[in-house]
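In my numbering, the protein residues as written are 11 to 138. Take a look at the structure set out below.
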Amino acid sequence: MAAGETDDEEREPQHSSRGTSERTGRPRREGRRDEGDERRGRRVSAPQAMRYAAEQLEELLGRTPESVSSVKPTRDGWQADVEVLELERIPETSSVMASYRVTLDEEGELVGYEQTRRYTRGQIDRRA
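Right, here's the structure in full:
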């Protein structure tokens with residue numbers, strides 16, 4: 011090995027120039043604003059809110075969300091309903107699913123969540 015070169019295992023991890031969230035200490039997501047950005051305090055878009063809701067709920071639950079079934083703006087940010095596989099069964103139609111209502115602030119950070127429903131995957135809601 012030549013002078014000044016290092017083995018791959020000895021390299022320091024590279025960090026993004028985006029920095030970390032002050033609140034969570036996690037790396038900022040792509041498209042997030044830095045402190046000096048002129049758009050600071052502006053609400054994330056609906057597609058971003060959907061992704062952030064699913065990502066952060068997965069981090070908390072340790073389960074991968076199946077889908078985001080709704081997203082809507084609120085006075086303080088966003089509210090999303092996220093569908094998660096709770097218990098896998100055979101046949102798949104008997105697997106247990108759960109709906110979680112996720113609350114995000116304007117910047118897309120999760121501020122709360124609650125399980126609102128449990129159901130089997132094959133269950134159909136009857137609406138009048």
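Just so you know, even glycine gets a beta-carbon here, dropped at the ideal spot from N, CA and C.
(request) Kindly give me the distance between the Cβ atoms of Val-94 and Pro-75, rounded to whole angstroms, as I take these residues to be in contact under 8 Å. (result) Here residue 94 refers to the residue found at position 84 of the sequence shown. Here residue 75 refers to the residue found at position 65 of the sequence shown. At roughly 5 Å, the Cβ-Cβ gap stays under 8 Å, so Val-94 and Pro-75 are in contact.
(request) Using a threshold of 9 Å, state whether the C-beta atoms of Val-54 and Ser-77 are closer than that. (result) Here residue 54 refers to the residue found at position 44 of the sequence shown. Here residue 77 refers to the residue found at position 67 of the sequence shown. Cβ atoms of Val-54 and Ser-77: not closer than 9 Å.
(message) Between Thr-103, Thr-126, Leu-97, Glu-117, which has its C-alpha nearest Pro-83's C-alpha?
(response) In the sequence shown, residue 83 corresponds to position 73, counting from 1. Selected option, being the one with the closest Cα: Glu-117.
(message) The alpha helix (DSSP H) that contains Glu-68, what's its start and end?
(response) Within the sequence shown, the letter at position 58 stands for residue 68. Element bounds for Glu-68: 56-71.
(message) Measuring only the C-alpha atoms, how far is Val-81 from Tyr-110?
(response) Taking the first residue of the sequence shown as position 1, residue 81 is located at position 71. Taking the first residue of the sequence shown as position 1, residue 110 is located at position 100. The straight-line gap from Cα to Cα measures roughly 12 Å.
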